[in-house]
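Engineer: One point on numbering: in the UniProt record's numbering, the residue at position 2 of the sequence shown is 2, and numbering is uninterrupted.
Note that the Cβ used here is the ideal one computed from N, Cα and C, for glycine as well.
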Amino acid sequence: EFCNIFGTLLPGSKARLFPPEGLSVLDGLEIKVAFGDVWKESLGELSGGQRSLAALSLILALLLFKPAPLYILDEVDAALDLSHTQNIGQLIKNHFKHSQFIVVSLKDGMFNNANVLFKTKFVDGVSTVSRHVPLRVRDENKRPETERQRKRVK
């Protein structure tokens, strides 16, 4: 799944896991990344955002292998632009339907894919937390039960 996840998070790219030369997978794994048909020699050739996506792809692949009911991600999108953040949000929403994620983010790409948002503010020396349900989620929940069931069946 690592290869598929990386390709989803960074369209137009490929990634593979290989054992170090002359060793087995029990000795470790190396990540190889290609953009188009050009394979990079090392992760050092990647930008900070690209390295973040490689690491996140590996983590998410491991989570798919051994799922848990709850995950907490703290600003995993900090080094990324909005399009990559959007891809992370969509991937989490589509591939982890039976898990809950608490994601700390300052970017709309994550917010747009959330079922519930908790916004924090510090006003006049007081921290407040407010709960928001995005409009698309509210609209989905207002549909008659039979329509929601039909959508799940498709």
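#1: Keeping to the same chain, check which residues put their C-beta closer than 8 Å to that of glycine 7; ignore five residues upstream and five downstream.
#2: Go ahead and pull the three-state DSSP assignment for valine 116.
#3: Taking only runs of the alpha helix (DSSP H) that begin and end inside the region 33-112, which ones reach a length of at least 4 residues, in chain order?
#4: Are leucine 9 and leucine 91 closer than 8 Å when you measure CB to CB?
#5: With C-beta atoms as the reference, is proline 134 less than 8 Å away from leucine 117?
#6: Just mark glycine 22 as buried or exposed, buried being the case when its beta carbon has 16 or more other beta carbons within 10 Å.
#7: Does the ligand GTP have a heavy atom nearer than 7 Å to the CB of glycine 12?
#8: Figure out for me which residue from Phe2, Asn87, Gln50 and Val123 has the closest Cα to the Cα of alanine 114.
#9: Do three or more CB pairs link the region 60-80 to the region 29-40 at distances below 8 Å?
#10: Between leucine 73 and glycine 109, which are expected to be in contact by the criterion C-beta below 8 Å, what is the C-beta distance as a whole number of angstroms?
#11: Measuring straight from C-alpha to C-alpha, what distance separates phenylalanine 2 and proline 11?
#12: Quick check: glycine 28 and histidine 84, are their CB atoms within less than 8 Å of each other?
#13: Quickly, what does DSSP pair isoleucine 31 with across the bridge? List them, please.
#14: Out of His95, Val126, Leu80 and Ser57, point me to the one whose CA is closest to isoleucine 5's CA.
Structural biologist: Result, derived from the coordinates:
#1: Residue numbering aside, residue 7 sits at position 7 when the sequence shown is read from its first letter. Apart from sequence neighbours up to five positions away, the residues of its chain that approach glycine 7 with a beta-carbon distance below 8 Å are Ser13, Lys14 and Ala15, ordered along the chain.
#2: Residue numbering aside, residue 116 sits at position 116 when the sequence shown is read from its first letter. It is coil, neither helix nor strand.
#3: Contiguous alpha helix (DSSP H) elements confined to the region 33-112 occur at 48-65, 82-95 and 108-111, taking only those with 4 or more residues.
#4: As a first step, residue 9 must be located in the sequence shown, where it is residue number 9. As a first step, residue 91 must be located in the sequence shown, where it is residue number 91. Yes. Within cutoff.
#5: Along the sequence shown, read from residue 1 onward, the residue named residue 134 stands at position 134. Along the sequence shown, read from residue 1 onward, the residue named residue 117 stands at position 117. In this structure, leucine 117 lies closer than 8 Å to proline 134 by Cβ.
#6: If you number the sequence shown from 1, residue 22 lands on position 22. Around the CB of glycine 22, fewer than 16 other CB atoms lie within 10 Å, so the residue is classed as exposed.
#7: This structure lacks the ligand GTP; in fact it carries no ligand of any kind.
#8: Counted from its first residue, the sequence shown places residue 114 at position 114. That would be Asn87, whose Cα lies nearest to the Cα of alanine 114.
#9: Too few Cβ pairs lie closer than 8 Å, so no.
#10: Residue 73 sits at position 73 when you count from the first residue of the sequence shown. Residue 109 sits at position 109 when you count from the first residue of the sequence shown. Actually they are not in contact, since the Cβ atoms of leucine 73 and glycine 109 sit about 13 Å apart, beyond 8 Å.
#11: Residue mapping note: residue 2 aligns to position 2 of the sequence shown, counting from 1. Residue mapping note: residue 11 aligns to position 11 of the sequence shown, counting from 1. Going by the C-alpha atoms only, they are around 14 Å apart.
#12: Looking up residue 28 in the sequence shown gives position 28. Looking up residue 84 in the sequence shown gives position 84. No. Outside cutoff.
#13: Counting from 1 along the sequence shown, the entry for residue 31 is found at position 31. Looking at the DSSP output, isoleucine 31 bridges to Leu17.
#14: Within the sequence shown, numbered from 1, the residue matching residue 5 stands at position 5. That would be Ser57, whose Cα lies nearest to the Cα of isoleucine 5.
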